Amino acid sequence: MSQANPSLVQRMLNRVEVVGNKLPDPAALFIILLAIVWLLSWLLSGIDFDVTDPRNGEALIIKNQLEGAALTQFFSVMVNNFSHFHPVGVVLVAMLGIGVAEYSGFINAGLRAVMAKTATWLLTPMVILVGIVSHSAVDAGYVLVIPLGGVIFYAAGRHPLAGIAAAFAGVSGGFSANFVPSALDPMLQGISQAGAQLFDPEIVLNPLNNYYFTTASSLVITALGWLITDKIIEPKLQGNKLDGDLSDLPTMEPLSKQESTALVWSLAAVAFGLVILFASAFADTSPWRASDGSLTAFSAPLMKSIVPLIFLLFLIPGLVYGLVIGKIRTTKDFVEGMSKAMSGMGYYLVIMFFIAQFIYAFGQSNLGILLAVKGAAFLKALALPAGVTITGIILLTGFINLFVGSASAKWALLAPIFIPMLMQLGISPDLAQAAYRIGDSSTNIITPLMPYFPLVVVFCQRYVTSAGIGTLTAMMLPFSICFLIVWTLFLILYWSLGIPLGLQASYEYFAN
0 MSQANPSLVQ
10 RMLNRVEVVG
20 NKLPDPAALF
30 IILLAIVWLL
40 SWLLSGIDFD
50 VTDPRNGEAL
60 IIKNQLEGAA
70 LTQFFSVMVN
80 NFSHFHPVGV
90 VLVAMLGIGV
100 AEYSGFINAG
110 LRAVMAKTAT
120 WLLTPMVILV
130 GIVSHSAVDA
140 GYVLVIPLGG
150 VIFYAAGRHP
160 LAGIAAAFAG
170 VSGGFSANFV
180 PSALDPMLQG
190 ISQAGAQLFD
200 PEIVLNPLNN
210 YYFTTASSLV
220 ITALGWLITD
230 KIIEPKLQGN
240 KLDGDLSDLP
250 TMEPLSKQES
260 TALVWSLAAV
270 AFGLVILFAS
280 AFADTSPWRA
290 SDGSLTAFSA
300 PLMKSIVPLI
310 FLLFLIPGLV
320 YGLVIGKIRT
330 TKDFVEGMSK
340 AMSGMGYYLV
350 IMFFIAQFIY
360 AFGQSNLGIL
370 LAVKGAAFLK
380 ALALPAGVTI
390 TGIILLTGFI
400 NLFVGSASAK
410 WALLAPIFIP
420 MLMQLGISPD
430 LAQAAYRIGD
440 SSTNIITPLM
450 PYFPLVVVFC
460 QRYVTSAGIG
470 TLTAMMLPFS
480 ICFLIVWTLF
490 LILYWSLGIP
500 LGLQASYEYF
510 AN
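Right under this line is the structure:
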């Protein structure tokens, strides 16, 4: 496709890129938002809005955050705001285990083993499904699964760009569809809970509050991606001739005997650990149970231990694999795997620091509750069905995602507004979070502002040297549109059938 005569899609995306590049870095964005909160709290602090605070039944007032007492309080709790900000601890703990699994080669070997055992006609759904599962290893899917998708399709005599498209659709378009718990679950839950507690300080959400829905979604995304790849994308790619230097392509090497042995031992270790967990939780007197005997109550130690269990789910097989393969020989090697994972979390911590301060000031000012109450009153006046409201949230999130790619940064911005507002309408934070995840995932694959988008273009250029942003966008646009429409309809259907969203999750919110 000639760059001199760009298509309508290319022109639109070029405009999106220009506008998006003018936005500040996400960390700087929250610094600006913090300043805006301070300024608005000062300007609105003396106004009577004739609104009742739903938390205590008293008149709602905006608290000036630039007052001396408020500022000194802000600085005195700044460290605690960050160190006790829920998403920080849970993600870092999960990443410690994932880091060992990545460092030892366990994740790489597992993905290669799955691909090697897949029949040719099942290559497309398997590539998509592996891409979905790779979310548990955070960015591993972008750097491992997507290029492997091209290699696998090429080796099977199919167009390699179709393999890249299928893998990209699974890794990024289906970012919130997964049947394996990952660090994303507690991260979003933590931000959702912080937003919900602006309205109801006593509310607690389960880290796996969307687990059943994301599990079912993984099947929907896999089937839909399979259909789009084989019936729409691959036929249209036949005109894209392969002219790249194929001699330096990575190969889909089978596992060596040592790697296979190490993988078997590591999976056996996981199975043994799960057996112990299930056996210890089965008894009525199990210490994993809450005082009322429930395993799934918020107070149950099992529910409180979900993040540490995710940590062990990756740590144990990663350690065993590394020991058998010889990658981990000393305690220094073991710690290095964790250290490498932490070294990549620096930017995340910077963003989380400013998000924590923003959420604190936003909550203290009462601006969020004012927006929620006024917004809820407006929506109630419109008398729109709840399904239409949720669809609007999905579409708005998908649009914002074109400009702000970070899932955590975007949800930290939207949750303090969306969740309390929807709670006023009787819609639960669990459902609001599920809606957000659909919008956040569906448009990942068509925005050049997504950090890994240029990398995927490079993967395409290995096979078709003229491939560019327009090429990749043209491939991924059908996935994005179909995912957005079908996934939204699936949520509405799932909701209408009353199928649970996840552990301790609900569709409706009832004020205490």
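To convert, note that position 134 of the sequence shown is 133 in numbering that gives the first Met the number 0; the numbers rise steadily by one, no gaps.
Here a beta-carbon is modelled for each residue, glycine too, at the ideal position from N, C-alpha and C.
Values in this document were obtained by computation on a predicted structure and should not be read as measured data.
### Query
Should GLY317 and SER103 be called a contact, given that it needs their Cβ atoms to be closer than 7 Å?
Yes, these two residues count as a Cβ contact at 7 Å.
### Message
Rounded to whole angstroms, what is the Cα-Cα separation between PHE509 and GLY425?
### Response
Each residue's alpha carbon lies about 6 Å from the other.
### Task
Between the Cα of MET420 and those of ASN365, ARG436 and CYS459, spot the shortest distance and give me the residue it belongs to.
Among ASN365, ARG436 and CYS459, the Cα nearest to that of MET420 belongs to ASN365.
### Message
With distance defined between alpha-carbon atoms, name the residue in MET94, LYS62 and PHE398 nearest to PRO185.
### Response
Of the candidates MET94, LYS62 and PHE398, the one whose C-alpha sits nearest the C-alpha of PRO185 is MET94.
### Query
In terms of residue numbering, what span does the alpha helix (DSSP H) encompassing TYR347 cover?
First-last of the alpha helix (DSSP H) with TYR347: 345 to 364.
#### Entry: Which residues DSSP lists as bridging THR51, in chain order
Under DSSP, THR51 forms a beta bridge with ALA58.
### Task
Indicate whether GLY148 and ALA165 have their beta-carbon atoms separated by less than 7 Å.
Closer than 7 Å, so yes.
### Message
Measuring straight from C-alpha to C-alpha, what distance separates TRP586 and GLY321?
### Response
In the structure as shown, the chain begins at 0 and stops at 511. Residue 586 is therefore absent and cannot be evaluated.
#### Entry: Status (buried if at least 16 other CB within 10 Å, exposed otherwise) for PHE539
No statement about residue 539 is possible, as the shown extent of the chain runs from 0 to 511 and does not include it.
### Query
Which same chain residues, not among the five before or five after ALA112, have their C-beta less than 8 Å away from its C-beta?
So the qualifying residues of the chain are LEU254, SER259 and LEU262.
### Short Cβ contact (7 Å threshold) for ILE106 with ALA115
Going by C-beta atoms, ILE106 is not nearer than 7 Å to ALA115.
### Length-filtered (4 minimum) alpha helix (DSSP H) runs lying within the stretch 199 to 239
DSSP assignment within the stretch 199 to 239 yields the following whole alpha helix (DSSP H) runs of 4 residues or more, N-terminal first: 210 to 227.
### Message
Which same chain residues end up closer than 6 Å to LEU65 when comparing Cβ atoms and leaving out the 5 residues on each side of it in sequence?
### Response
So the qualifying residues of the chain are TRP37 and TRP41.
### Query
Out of curiosity, what's the CA-to-CA distance linking GLY224 and ILE437?
Between the alpha carbons of GLY224 and ILE437 lies a distance of about 15 Å.
### Query
Cβ of TYR462 within 7 Å of Cβ of PRO159?
Taking 7 Å as the cut-off, the beta carbon of TYR462 is found closer than this to the beta carbon of PRO159.
### Message
Using the Cβ count rule (16 or more neighbours within 10 Å means buried), how would you classify TYR513?
### Response
This structure cannot speak to residue 513, because the chain is shown only from 0 to 511.
### Task
Within its chain, find whatever has a CB closer than 6 Å to the CB of VAL87; leave out the 5 residues flanking it on each side and keep chain order.
Cβ neighbours of VAL87 beyond the five flanking positions: MET351.
### Beta-bridge pairing of PHE426 - partner residues as DSSP gives them
A quick correction: the sequence has Ile, not Phe, at residue 426. ILE426 pairs with GLU507.
### Message
Quick check on THR487: buried or exposed, where buried means 16 or more other Cβ atoms within 10 Å of its Cβ?
### Response
Buried, because 16 or more other Cβ atoms sit within 10 Å of the Cβ of THR487.
### Query
Straight-line CA distance for THR472 to SER441?
Going by the C-alpha atoms only, they are around 13 Å apart.
### Query
Is the beta carbon of ILE444 sitting closer than 7 Å to the one on GLY172?
Yes, Cβ-Cβ distance for ILE444 and GLY172 is below 7 Å.
### Query
Rounded to a whole number of angstroms, what is the C-alpha to C-alpha distance between ALA433 and VAL457?
When rounded, the distance between both Cα atoms is 32 Å.
### Query
Could you give the residue range of the alpha helix (DSSP H) that holds SER259?
SER259: member of the alpha helix (DSSP H) spanning 256 to 281, first to last residue.
### Cβ pair count under 8 Å reaching 3, the stretch 65 to 77 against the stretch 292 to 306
Between the stretch 65 to 77 and the stretch 292 to 306, the count of Cβ pairs shorter than 8 Å is below three; the stretches do not touch.
### Message
Let me confirm a value: ALA282 is counted as buried when at least 16 other C-beta atoms fall within 10 Å, else exposed. Which label applies?
### Response
Flag for ALA282 reads exposed.
#### Entry: Burial state of PRO428, where buried means 16 or more other Cβ atoms lie within 10 Å
Around the beta carbon of PRO428, 16 or more other beta carbons sit within 10 angstroms, so the residue counts as buried.
### Nonlocal neighbours in the same chain, by C-beta distance under 7 Å from PRO249, ignoring five residues either side
Its pLDDT being 49, under 50, PRO249 is placed unreliably by the model, and the measurement read from it follows with that caveat. Same-chain partners within the cutoff: PRO146 and VAL150.
### Query
How would you write the range of the alpha helix (DSSP H) that SER191 sits in, first residue to last?
Here the alpha helix (DSSP H) through SER191 covers 183 to 195.
### Message
Out of GLY501, ASN209 and ALA193, which one is the CA nearest neighbour of ILE202?
### Response
Answer by Cα proximity: ALA193.
### Message
Can you find the residues in the same chain that come closer than 7 Å, C-beta to C-beta, to THR228, ignoring five residues on each side of it along the sequence?
### Response
For THR228, where only same-chain residues beyond five positions count, the Cβ hits under 7 Å are THR123, ALA161, ALA164 and ALA165.
### Spatial neighbours of GLU233 in its chain, beta-carbon cut-off 8 Å, leaving aside the 5 residues before and after
Contacts found: ARG157, HIS158 and ALA161.
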